[in-house]
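Numbering (this note's numbering), first residue to last: 292 to 591.
Dropping the structure here:
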């Protein structure tokens, strides 16, 4: 698709570049990331006066105090913090950056598309395992950790996408992920939902995941393939195939790619176990069962 280039007036561009460079430099430095995130969010939300009054011991209401404390990611929790098997050292840093990403999306600047895309791309360079050039990340994207995600060049991820990297997630070059897509890398046991299995989920180069579709943990979506709107990929999609439905099955090969694509018959195979990741829970960890269930199958 041909799109036109959009630019800011010179004065606005100068201010945006200065801000992006400052944040990038601070996140790359030895400065405490938690403090950097707090400082950035205070200013982005226009709360500097109230924050400094609070820091100086001035009067603030209970609601103001909760709001001001919330800019500090050390005072916040997110769902993935409860995952017992996570790498605590890597997670500490990625949690702070993930908090900055999410809270930025709640500011008015998040709707300034030309600026917001550049801010998120800069932040992805610090948060993800690796992020290529020319990527465009729109509003409302969420992650489990962030640090288990690898993204190639010129990837476009649209609004309200969830990228689960509780396992490992690899996204190739020139991938397009439409609004409301969910890509998973962990799964739950059918009988005991407290048993979690992590996988390596792979979305290869030039794939299109279209509106409101889902990729199950451990699935490989092959090069240049399409997953149709609202499709659920429960097993692998071969390169150059178009898959649709729930569960998604190959319905055609993209025109012009027939000579290099697998036949439609028997194309959708379940190879998820090949990409299962072993995980360990540290000894002595204080865990809990959130469901407190004692269901046992009668036939076992």
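For each residue, glycine too, the CB sits at the ideal point set by N, CA and C.
Would residue i and residue j qualify as a contact pair, given that the criterion is a beta-carbon distance under 9 Å?
i, j, result
"residue 329", "residue 363", "yes"
"residue 510", "residue 563", "yes"
"residue 487", "residue 477", "yes"
"residue 314", "residue 413", "yes"
"residue 374", "residue 435", "yes"
"residue 425", "residue 455", "no"
"residue 489", "residue 427", "no"
"residue 559", "residue 526", "yes"
"residue 497", "residue 464", "yes"
"residue 457", "residue 397", "no"
"residue 336", "residue 389", "no"
"residue 552", "residue 544", "yes"
"residue 332", "residue 391", "yes"
"residue 433", "residue 404", "no"
"residue 318", "residue 406", "no"
"residue 324", "residue 387", "yes"
"residue 341", "residue 327", "no"
State the CB to CB distance for the pair residue i and residue j, rounded to an integer number of angstroms; the pair is presumed to be in contact (CB under 8 Å).
i, j, result
"residue 546", "residue 523", "Contact flag wrong, Cβ pair sits at about 24 Å."
"residue 541", "residue 519", "With a Cβ gap of about 11 Å, residue 541 and residue 519 do not count as contacting."
"residue 495", "residue 512", "6 Å"
"residue 334", "residue 359", "Contact flag wrong, Cβ pair sits at about 13 Å."
"residue 418", "residue 431", "Actually they do not touch by this definition, with Cβ atoms about 16 Å apart."
"residue 492", "residue 508", "6 Å"
"residue 468", "residue 448", "5 Å"
"residue 423", "residue 446", "7 Å"
"residue 588", "residue 466", "Wrong, their Cβ atoms sit about 40 Å apart, outside the cutoff."
Let me know if residue i comes out buried or exposed under the rule of 16 or more other beta-carbons within 10 Å of its beta-carbon.
i, result
"residue 462", "buried"
"residue 301", "exposed"
"residue 530", "buried"
"residue 429", "buried"
"residue 442", "buried"
"residue 571", "exposed"
"residue 366", "exposed"
"residue 354", "exposed"
"residue 411", "buried"
"residue 368", "exposed"
"residue 499", "buried"
"residue 401", "buried"
"residue 501", "buried"
"residue 357", "exposed"
"residue 532", "buried"
"residue 460", "buried"
Name the DSSP beta bridge partners of residue i, please?
i, result
"residue 417", "Answer by DSSP bridge pairing: none, since residue 417 is not bridged."
"residue 404", "For residue 404, which the question treats as bridged, DSSP gives no partner whatsoever."
"residue 523", "505"
"residue 489", "477 and 568"
"residue 447", "427 and 467"
"residue 605", "The shown model of the chain, from 292 to 591, leaves out residue 605, and the question about it has no answer."
"residue 584", "None, per the DSSP bridge assignment."
"residue 500", "468 and 518"
"residue 433", "453"
"residue 494", "462 and 512"
Taking 9 Å as the threshold (beta carbon to beta carbon), is residue i in contact with chain B?
i, result
"residue 343", "Looking at the structure shown, chain B is missing, and only one protein chain is on hand."
(request) Could I get the ranges of all uninterrupted beta strand (DSSP E) runs contained in the region 449-487, with 3 residues as the minimum, in chain order? (result) Whole beta strand (DSSP E) segments, 3+ residues: 459-462 and 477-479.
(message) Extract the residue ranges of the alpha helix (DSSP H) inside the region 313-400, only unbroken runs of 4 or more that lie entirely within it.
(response) Listed in chain order, the complete alpha helix (DSSP H) runs (minimum 4 residues) inside the region 313-400 are 324-335, 339-346, 353-360 and 379-395.
(request) Within the region 513-563, note down every full beta strand (DSSP E) run reaching 3 residues or more, in order along the chain. (result) If only complete runs of 3 or more residues are kept, the region 513-563 shows the beta strand (DSSP E) at 532-535 and 540-544, in order along the chain.
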